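Data first, discussion second: the structure below is written as structure tokens.
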Amino acid sequence: MSIAASVLDALRAESALHGGARITRAGLRIGELSGVAVDSLRFCLEMLVADTDLAALAFEIECAPWTRRCRACNTVFRVSDARPECAACGSGDTEQAGGDQMELSFLELEEP
Amino acid sequence: MRVPLERKVLNENDRIAATLRERFRRNGTFCLNLISSPGSGKTSLLERTLGGYDAARRVAVLTGDIQTDNDARRLARFGFPVRQITTGGACHLDAAMVERHLAGWADDDLQILFLENVGNLVCPTSYDLGEEARAVVLSVTEGEDKPLKYPATFHHADLMVLNKIDLLPYVPFSMELVRKNARRVQPEIEILEVSCTTGAGLAQWNDWIQRHL
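The listed protein sequences derive, respectively, from chains U and Z. Its first residue numbered 112, the first sequence is counted upward by one per residue in our numbering. Its first residue numbered 74, the second sequence is counted upward by one per residue in our numbering.
Given below as structure tokens:
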């Protein structure tokens with residue numbers, strides 16, 4: 112719930128940067144490793160915007176996969192079943208690449 | 074009009090966390106964020122830790138709970154500065170709470186600051202508190218699959234403290250499996266085994282802290 116509230120704070124700040132334009136649609140990118148459950152986030156967002164100036168706002172939530180990069184063959188691979196080994200060459204020498212994002216990816220603003 | 078963005082949702086939290094991290098670095102304070110489910114033994118571990126320090130040690134604790142100041146009262150007995158952060162419903166600490174509760178403390182010569190997070194294996198993960206290291210406490214009564222069930226939490230941890238190892242004879246818990254599971258989600262994680270009841274492993278825990286000072 113506090114993450115949803117932070118999303119709305121960030122949206123309001125962005126709206127202010129654009130002369131207070133009304134936001135009609137907001138894109139969020141949530142990583143598999145961010146610790147946020149997309150369904151719960153959506154539920155909290157919808158609850159928080161109901162009966163406010165943002166009530167008409169639509170959310171588009173994209174789930175970013177957990178990825179690692181192989182130090183041996185440089186492949187970036189999606190981590191499945193929490194296995195750190197490279198999906199391409201099998202090397203165990205891999206490093207974190209992505210999946211902990213929690214960010215606003217786009218806004219759609221009403222034309223003034 | 075569509076505006077592409079790359080704005081972090083928690084950028085306000087991250088901004089405060091960055092100022093805290095700089096403050097701890099400047100003061101030479103090792104700040105450790107302790108995360109676990111309720112009842113894993115974060116407070117017991119801190120009691121054991123503070124109990125072993127002599128009075129000259131400059132150490133302080135901020136302890137978070139949704140309600141009550143029970144933990145702060147347990148920890149204040151050792152004579153070091155302790156403050157309770159009562160979140161009033163929030164299931165995690167955030168950087169602003171830490172900053173607010175440090176106010177008025179002379180923390181410029183603090184060697185160690187422990188942040189005992191709210192008992193929860195999910196929400197504290199997303200909130201940077203400006204800590205230098207993050208430890209997850211997992212007790213052997215909880216099951217070896219916790220790192221796989223809560224990968225985000227273990228992935229962001231530097232250390233896993235396996236607590237209550239005195240109970241191993243009574244619970245079906247495989248140390249080998251939990252180590253393997255933790256290393257699957259975080260290959261670099263360090264692992265310690267302790268019992269706050271018998272004191273086993275606490276020397277290694279103290280060494281681990283000492284290495285960061």
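Beta carbons: idealized from backbone N, C-alpha and C, even for Gly. Since the model is a prediction, treat every value here as computed from it, not as a measurement.
Would DSSP call residue i helix, strand or coil?
i: I114/U; result: helix
i: I89/Z; result: helix
i: V147/U; result: coil
i: G142/U; result: strand
i: G125/Z; result: coil
i: L188/Z; result: strand
i: V82/Z; result: coil
i: P77/Z; result: strand
i: F227/Z; result: helix
i: V267/Z; result: coil
i: Q207/U; result: strand
i: I262/Z; result: coil
i: N236/Z; result: strand
i: V62/Z; result: Nothing can be reported for residue 62/Z, as the shown portion of chain Z is limited to 74 through 286.
i: N100/Z; result: helix
i: S110/Z; result: coil
i: R182/U; result: coil
i: R194/U; result: coil
i: V251/Z; result: helix
i: F188/U; result: strand
i: T198/Z; result: helix
i: F202/U; result: For clarity, residue 202/U is Ser in the given sequence; the question names Phe instead. Three-state DSSP puts S202/U in coil, outside helix and strand.
i: E217/Z; result: coil
i: R123/U; result: helix
i: E205/Z; result: coil
i: E157/U; result: helix
i: R136/U; result: strand
i: L286/Z; result: coil
i: A179/Z; result: coil
i: L105/Z; result: strand
i: A169/U; result: strand
Going by the beta-carbon positions, is the gap between residue i and residue j smaller than 7 Å?
i: G114/Z; j: V210/Z; result: yes
i: E204/Z; j: S247/Z; result: no
i: E263/Z; j: G274/Z; result: no
i: V171/Z; j: L194/Z; result: no
i: H285/Z; j: F103/Z; result: yes
i: T205/U; j: R179/U; result: yes
i: R163/U; j: E221/U; result: The sequence shown places Thr at residue 163/U, rather than the Arg named in the question. Cβ distance not < 7 Å, so T163/U and E221/U don't count as in contact.
i: Y126/Z; j: D167/Z; result: no
i: S145/U; j: M213/U; result: yes
i: C288/Z; j: L175/Z; result: Residue 288/Z is absent from the structure shown; chain Z starts at 74 and stops at 286.
i: F151/Z; j: G124/Z; result: yes
i: A206/Z; j: M233/Z; result: no
i: P195/U; j: P260/Z; result: yes
i: L156/U; j: L78/Z; result: no
i: A169/U; j: V160/U; result: no
i: G210/U; j: E143/U; result: yes
i: T226/Z; j: T198/Z; result: yes
Please work out which residues of its chain come closer than 7 Å, Cβ to Cβ, to residue i, disregarding the five sequence neighbours upstream and downstream, and give them in chain order.
i: L107/Z; result: K115, F187, L188, E189, N190, A208, V210
i: R123/U; result: none
i: E120/Z; result: R147, L148
i: A208/U; result: T178, R179, R180, V187
i: Q277/Z; result: L265
i: D87/Z; result: K81, D201
Leaving out the 5 sequence neighbours to the left and right, which residues in its chain are closer than 6 Å to residue i when beta-carbon positions are compared?
i: K222/Z; result: none
i: V155/Z; result: V134, A145, L148, A149
i: F217/U; result: G138
i: R131/Z; result: D182, L183, Q184
i: E219/U; result: T135, R136
i: A169/Z; result: I89
i: D231/Z; result: A206, R207
In chain order, what residues of the same chain lie with their CB nearer than 8 Å to the CB of residue i, ignoring the 5 residues before and after it?
i: P224/Z; result: V258
i: I282/Z; result: F103, L105, T122, I185
i: D138/Z; result: D144, Q157, I158, T159, T160, V191, G192
i: R182/U; result: S202, D204, T205, E206
i: C200/U; result: C181, A183, C184, T186
i: A128/Z; result: G152
i: R153/U; result: F170, I172
Against residue i, what residues of chain C qualify as contacts under a CB-to-CB distance less than 9 Å, listed in chain order?
i: P77/Z; result: Protein chains U and Z are contained in the structure displayed, whereas chain C is not.
- Message: As an exercise, report each continuous beta strand (DSSP E) stretch of at least 3 residues that is fully enclosed by the stretch 129-159 of chain Z, in chain order.
- Response: 132-138, 155-159
- Message: Below 8 Å, how does it come out for the stretch 170-183 of chain U and the stretch 134-141 of chain U: are there three or more Cβ pairs, yes or no?
- Response: yes
- Query: Counting pairs of beta carbons, one from the stretch 234-246 of chain Z and one from the stretch 213-226 of chain Z, are three or more of them closer than 8 Å?
  - Reply: yes
- Query: Do three or more CB pairs link the stretch 113-121 of chain U to the stretch 80-99 of chain Z at distances below 8 Å?
  - Reply: yes
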